[in-house]
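Some notes on the structure that comes next.
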Amino acid sequence: PRHARRLTTMDRAHLLLPYALVAVTGSVVAAQSALGDGIDAVEIVLTWVVLVLVLARQVVTLLENAALLDRLSASQAELSHQAHHDPLTGLANRALFSTRLEEAIERHRRLGEGFAVLVIDLDDFKAVNDAFGHAAGDHLLYAVAQRLRGAVRSIDTVARLGGDEFAIVL
């Protein structure tokens with residue numbers, strides 16, 4: 044923990060370094076102005092160089108932060124999709140199905156909207172896996188998923204509950 048705090052302090056010091064240069068430059072200019080000394084061309088150029096460098100650093104940092112936020116948003120969206128969808132079929136998984144079913148029940152309670160739940164189990168699916176292999180079984184599950192998805196409206200939820208079980212909230 045102590046080492047982690049030291050790294051944080053070092054990181055903060057690193058972030059503040061350009062502002063220290065601005066403070067030193069401003070102090071020199073202010074001191075010379077207060078003493079009545081004129082500011083020569085070299086000092087003016089150096090002051091502008093420091094200010095432009097700090098401004099450029101800020102712009103680069105803002106662009107990097109924006110890119111980082113974009114990548115983070117995309118990663119979060121991907122994780123959310125993976126958490127709520129079956130990897131083989133792309134359908135909703137049991138967790139998302141439960142959420143959508145609860146939403147349908149709540150709409151029914153509040154607004155009286157009707158809904159239906161279909162549960163579909165593929166008979167003798169084990170025989171397909173045993174006779175033709177798991178790749179053929181996966182192909183069959185994917186094909187069934189596509190047909191189910193194509194047979195309902197876009198607002199309906201088609202889910203693979205697991206194995207050879209599917210469910211639909213209409």
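Numbering (this note's numbering), first residue to last: 44 to 213.
For glycine and all other residues, C-beta sits at the position ideal for the given N, C-alpha and C.
Source: prediction; values computed, not measured.
How far does the alpha helix (DSSP H) with residue i in it reach, from first residue to last?
{"i": "Val103", "result": "84-127"}
{"i": "Phe209", "result": "Where Phe209 is concerned, there is no enclosing alpha helix (DSSP H), although the beta strand (DSSP E) it sits in stretches over 208-212."}
{"i": "Leu139", "result": "137-154"}
{"i": "Asp181", "result": "177-193"}
Measuring only the C-alpha atoms, how far is residue i from residue j?
{"i": "Glu156", "j": "Val102", "result": "52 Å"}
{"i": "Arg32", "j": "Gly69", "result": "The question about residue 32 has no answer, for the chain in this structure spans 44 to 213."}
{"i": "Arg153", "j": "Leu105", "result": "46 Å"}
{"i": "Thr51", "j": "Gly193", "result": "53 Å"}
{"i": "Leu98", "j": "Gly79", "result": "29 Å"}
{"i": "Ala110", "j": "Arg100", "result": "15 Å"}
{"i": "Ile163", "j": "Val212", "result": "12 Å"}
{"i": "Asp129", "j": "Asp113", "result": "25 Å"}
{"i": "Leu122", "j": "Asn108", "result": "21 Å"}
{"i": "Asp83", "j": "Gln119", "result": "54 Å"}
Buried or exposed, going by whether 16 or more other CB atoms sit within 10 Å of the CB of residue i?
{"i": "Asp207", "result": "buried"}
{"i": "Leu131", "result": "exposed"}
{"i": "Leu115", "result": "exposed"}
{"i": "Leu60", "result": "exposed"}
{"i": "Leu191", "result": "buried"}
From what residue to what residue does the beta strand (DSSP E) around residue i run?
{"i": "Thr200", "result": "200-205"}
{"i": "Leu161", "result": "160-164"}
Going by beta-carbon coordinates alone, are residue i and residue j separated by less than 9 Å?
{"i": "Leu64", "j": "Val93", "result": "yes"}
{"i": "Ala186", "j": "Phe140", "result": "no"}
{"i": "Arg137", "j": "Ala178", "result": "no"}
{"i": "Val160", "j": "Leu134", "result": "no"}
{"i": "Val71", "j": "Glu86", "result": "yes"}
With distances taken from CA atoms, which of the options is nearest residue i?
{"i": "Ala147", "options": "Ile82, Thr200, Gly81, Val85", "result": "Thr200"}
{"i": "Val171", "options": "Leu183, Leu161, Gln119", "result": "Leu183"}
{"i": "Lys169", "options": "Ala159, Gly180, Trp91", "result": "Gly180"}
{"i": "Leu96", "options": "Ser116, Ser118, Ala77, Tyr62", "result": "Tyr62"}
{"i": "Ala188", "options": "Gly176, Phe175, Gly205", "result": "Gly205"}
{"i": "His127", "options": "Thr142, Leu115, Ala77", "result": "Thr142"}
{"i": "Ala73", "options": "Thr90, Leu58, His57", "result": "Thr90"}
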